[in-house]
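Visitor: Sharing a structure below in structure tokens format, with a few things to ask.
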Amino acid sequence: MSALTTSPLSRLRRKPAAKERIREPFRDRVFLVVVTIMLVVILGLVLLPLIYIVANSFSSASAVSAGRVTFWPIDFSLRAYEVALSNPQILRGYYNSLIYAVCGTLISVTLTVAIAYPLSRKRFFGRNVLMTALIFTMLFSGGLIPTYMVVQDLGMLNTRWALLIPNAVGVWQVIIARTFFANIPEDLHEAAMLDGASELRYLRSVVLPLSKPLLAVLALMYVIFQWNTYFDALVYLKDQDLFPLQIVLRNVLILNQRNVGVADVAQQLQQQQLANVLKYALIVVSSLPVLIIYPFVARHFTKGVMVGAVKG
4 MSALTTSPLS
14 RLRRKPAAKE
24 RIREPFRDRV
34 FLVVVTIMLV
44 VILGLVLLPL
54 IYIVANSFSS
64 ASAVSAGRVT
74 FWPIDFSLRA
84 YEVALSNPQI
94 LRGYYNSLIY
104 AVCGTLISVT
114 LTVAIAYPLS
124 RKRFFGRNVL
134 MTALIFTMLF
144 SGGLIPTYMV
154 VQDLGMLNTR
164 WALLIPNAVG
174 VWQVIIARTF
184 FANIPEDLHE
194 AAMLDGASEL
204 RYLRSVVLPL
214 SKPLLAVLAL
224 MYVIFQWNTY
234 FDALVYLKDQ
244 DLFPLQIVLR
254 NVLILNQRNV
264 GVADVAQQLQ
274 QQQLANVLKY
284 ALIVVSSLPV
294 LIIYPFVARH
304 FTKGVMVGAV
314 KG
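In case it helps, our numbering puts the sequence shown at residues 4 to 315.
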């Protein structure tokens, strides 16, 4: 009864009660501790090899060959980077990888949007059949030999197109883009149609400006794929002037070729020592573009993937 007769003014004059600290259940705290420990362990497993590679790349050739380098450079030296950045074959491979990554990403993003947008329109005839066919290609591929024969018949062997066209469209990326476009309110499309806009004008002026997170995600996925790919170049390319950086890196790491920028540096022993440290420098150099690009699109990555993967 007293609570009902208390005036609103008196309730406003009351001092706010001290906020009680909400304690998490013991099981939740244990779970968070376990998850934190696991994440720290995973971070260490990922970070320590990177630190080891960077430390070796900045160490002297003799220290690397002797195995004295762990997680800090010994006898700091930039000789490996000087050799890597002055060798024509490595620079040519770097140039080719940039061409494949930039041009391949532009082609892939354009084709992905061109395929995904019509499939997102409910009035598009046969969209379910086409989507089923795309998913089928993701589950079952033709294999290496049929793909090689197709590339050969199209006259793309030993050309740059062999690395740009066969894997230009990823089905998973099409699914993400299709779902993203389907989540755009239909009212925007109706308003654009009433104003006399065509489908291309609506796509260019309305859909694409709203799809910046999606485009950032697609660009990041495709550029990483194009930058890291080497198997297609190994199969389709014979001219060394067309080799991407990953093929050059493979030759140094696996085949241990001695003619990759070290033939005129010193004698045979010094060449072998320099080749050892050159491996680590090439790994760092080949990873730089992705590490530079990622911070600019990281803020869009989670948003783009989640919006494109959840319907509603």
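Just so you know, even glycine gets a beta-carbon here, dropped at the ideal spot from N, CA and C.
According to DSSP, simplified to helix, strand and coil, what is residue 168?
Guide: If you number the sequence shown from 1, residue 168 lands on position 165. Residue 168: coil per DSSP, three-state reduction.
Visitor: Nearest-angstrom Cα distance between residue 159 and residue 149?
Guide: For the purposes of this step, residue 159 is taken as the residue at position 156 of the sequence shown. For the purposes of this step, residue 149 is taken as the residue at position 146 of the sequence shown. Using only the alpha carbons, I get a separation of about 14 Å.
Visitor: Measure the alpha-carbon distance for residue 260 versus residue 241 and round it to whole angstroms.
Guide: If you number the sequence shown from 1, residue 260 lands on position 257. If you number the sequence shown from 1, residue 241 lands on position 238. In this prediction, residue 260 scores a pLDDT of 49, lower than 50, which makes its location untrustworthy; the coordinate-derived value is nonetheless stated afterwards. For residue 260 and residue 241, the distance between alpha carbons rounds to 17 Å.
Visitor: For residue 297, does the three-state DSSP call read helix, strand or coil?
Guide: The sequence position of residue 297 within the sequence shown is 294, counting from 1. Three-state DSSP puts residue 297 in a helix.
Visitor: Determine, using beta carbons only, whether residue 225 and residue 107 come nearer to each other than 8 Å.
Guide: Here residue 225 refers to the residue found at position 222 when the sequence shown is read from its first residue. Here residue 107 refers to the residue found at position 104 when the sequence shown is read from its first residue. Result yes, Cβ atoms of residue 225 and residue 107 sit closer than 8 Å.
Visitor: DSSP three-state label for residue 158, please.
Guide: In the sequence shown, residue 158 corresponds to position 155, counting from 1. Coil, per DSSP.
Visitor: Would you mind stating whether residue 112 and residue 222 have Cβ atoms separated by less than 8 Å?
Guide: Translated into positions along the sequence shown, residue 112 becomes position 109. Translated into positions along the sequence shown, residue 222 becomes position 219. Against a cut-off of 8 Å, the Cβ pair of residue 222 and residue 112 comes out as a contact.
Visitor: Distance check for residue 65 and residue 269, CA to CA, integer angstroms please.
Guide: One-based indexing of the sequence shown puts residue 269 at position 266. One-based indexing of the sequence shown puts residue 65 at position 62. The predicted position of residue 269 is uncertain, since its pLDDT is 44 and thus under 50; no value can be drawn from it.
Visitor: Leaving out five residues before and five after residue 262 in sequence, what residues of the same chain have Cβ atoms less than 6 Å from its Cβ?
Guide: Your numbering for residue 262 matches position 259 in the sequence shown. Confidence in residue 262 is poor, its pLDDT being 48 and thus under 50, which makes the residue's placement too unreliable to answer from.
Visitor: Measure the alpha-carbon distance for residue 76 versus residue 51 and round it to whole angstroms.
Guide: By one-based count along the sequence shown, residue 76 stands at place 73. By one-based count along the sequence shown, residue 51 stands at place 48. Cα to Cα, the separation comes out at about 14 Å.
Visitor: Candidates 205, 187, 186: which alpha carbon is nearest residue 195's?
Guide: Here residue 195 is taken as the residue at index 192 of the sequence shown, counted from 1. When only C-alpha atoms are compared, the closest one is 205.
Visitor: Whose C-alpha, out of 117, 70, 71, 60, is nearest the C-alpha of residue 84?
Guide: Working through the sequence shown from its first residue, we reach residue 84 at position 81. Nearest option by C-alpha distance: 60.
Visitor: Do three or more CB pairs link the region 174 to 191 to the region 116 to 134 at distances below 8 Å?
Guide: Contact holds: three or more Cβ-Cβ distances are below 8 Å.
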